[in-house]
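First residue of the sequence shown? That's 1 in this note's numbering, and the numbers climb one at a time after it.
Note that the Cβ used here is the ideal one computed from N, Cα and C, for glycine as well.
What follows is one structure encoded as structure tokens, with my remarks underneath.
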Amino acid sequence: MADAEQSLAYANADFASSNQLFVDHLLVDNPQALKDVIDLGCGPCDVMLRLAEACPDIRITAVDGSAAMIELAAQAVRAANHEARIVVMQGYIPGLALREHDFDAILSKDLLHHLPDPMVLWREARRLGRQGAAVHVMDLIRPATQEDARNIVETVAPDEHPILKEDFYNSLCAAFTIEEVETQIRQAGLPLRVTRVGDRHMLIKGALR
Ligand SMILES: C[S@@+](CC[C@H](N)C(=O)[O-])C[C@H]1O[C@@H](n2cnc3c(N)ncnc32)[C@H](O)[C@@H]1O
């Protein structure tokens, strides 16, 4: 999502229900442990703003590869007066200029299916997380057919901007199945579990050894 128009269409879209679902699951699973967290592929930062509202002591590093998206994220963080607790930075994974094993939670929502090589996310989680760090990744589940994908777009986002609808459709088609992600996790040697949550997402979670 390097394009400014695409980024704006995404930022203006209503993903409140899945964004809140991500935060609700995270807080139920980690009621006290969240201090220094990183969000990979933060987009316009709506998810991390919800988390910051719920956790007064949290420090969040929010990373996205797109300069246009990071500008929108920075505006949203300023508007919410959360600059002291949410640091936004532009950077692509792999290759983020961040210290190894510096975070006690690795978070990511709807990034996995954007990566040409999904294994980079799992390697980055291991590289950035401390021992015992929580990993909490949510991503779309690929529908069985392209027609199913179109139906989901028309059900969930019937009135959204055409750019957003096309991106959403492409994302659904590019997403993985639960079985494919379980294979990725096994190959990465990570102790994570994959479950279906909500009507179109999977949640991949656990703690680093
Ligand atoms: C679908 S958006 C999800 C944004 C946000 N996590 C959310 O759920 O609202 C995916 C984001 O990942 C970013 N992205 C894609 N590939 C990336 C990479 N290799 N490194 C960092 N960010 C990336 C895109 O710029 C985009 O903002």
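Through-space distance from I106 to I204, alpha-carbon basis: Within the sequence shown, numbered from 1, the residue matching residue 204 stands at position 204. Within the sequence shown, numbered from 1, the residue matching residue 106 stands at position 106. Approximately 11 Å, taken between the alpha carbons.
Cβ pair count under 8 Å reaching 3, the segment 1-12 against the segment 175-191: By the Cβ rule, the segment 1-12 does not count as touching the segment 175-191, because fewer than three pairs are nearer than 8 Å.
Cut-off 8 Å between Cβ atoms - residues of its own chain near L21, not counting five sequence neighbours on either side: Residue mapping note: residue 21 aligns to position 21 of the sequence shown, counting from 1. So the qualifying residues of the chain are M138, V197, G198 and H201.
Opening and closing residue of the alpha helix (DSSP H) in which H211 lies: With the chain running from 1 to 209 in the structure shown, residue 211 is simply not present.
Identified DSSP bridge partners for F176: Taking the first residue of the sequence shown as 1, we reach residue 176 at position 176. Per DSSP, the beta-bridge partners of F176 are I141.
Near ligand 1: M69 beta-carbon under 8 Å from a heavy atom: In the sequence shown, counting from the first residue as 1, residue 69 sits at position 69. Yes, ligand 1 has a heavy atom inside 8 Å of this Cβ.
Closer than 8 Å: P118 CB and nearest ligand 1 heavy atom: Residue mapping note: residue 118 aligns to position 118 of the sequence shown, counting from 1. P118 Cβ: outside cutoff for every heavy atom of ligand 1.
Paired residues, beta bridge with I204 - DSSP: Counting from one through the sequence shown, the residue named residue 204 turns up at place 204. V137 and V194, per the DSSP bridge assignment.
Reduced DSSP category for Q90 - H, G, I as helix; E, B as strand; rest coil: Here residue 90 is taken as the residue at index 90 of the sequence shown, counted from 1. Annotated three-state conformation of Q90 is strand, per DSSP.
G207 versus N170: straight-line alpha-carbon distance, rounded: Along the sequence shown, read from residue 1 onward, the residue named residue 207 stands at position 207. Along the sequence shown, read from residue 1 onward, the residue named residue 170 stands at position 170. First, the amino acid is wrong: residue 207 is Ala here, not Gly. Looking at the backbone, the Cα of A207 and that of N170 are separated by about 31 Å.
Presumed contact (8 Å Cβ cut-off) between L72 and P44, rounded CB distance: For the purposes of this step, residue 72 is taken as residue 72 along the sequence shown, with counting starting at 1. For the purposes of this step, residue 44 is taken as residue 44 along the sequence shown, with counting starting at 1. At roughly 5 Å, the Cβ-Cβ gap stays under 8 Å, so L72 and P44 are in contact.
Burial state of G132, where buried means 16 or more other Cβ atoms lie within 10 Å: On the sequence shown, position 132 is the one that residue 132 refers to. It is exposed - the Cβ of G132 has fewer than 16 other Cβ atoms within 10 Å.
Nearest candidate by alpha-carbon position, reference V28, set A54, F168 and I185: Taking the sequence shown and counting its residues from 1, the one referred to as residue 28 is at position 28. When each option's Cα is compared against that of V28, the closest is A54.
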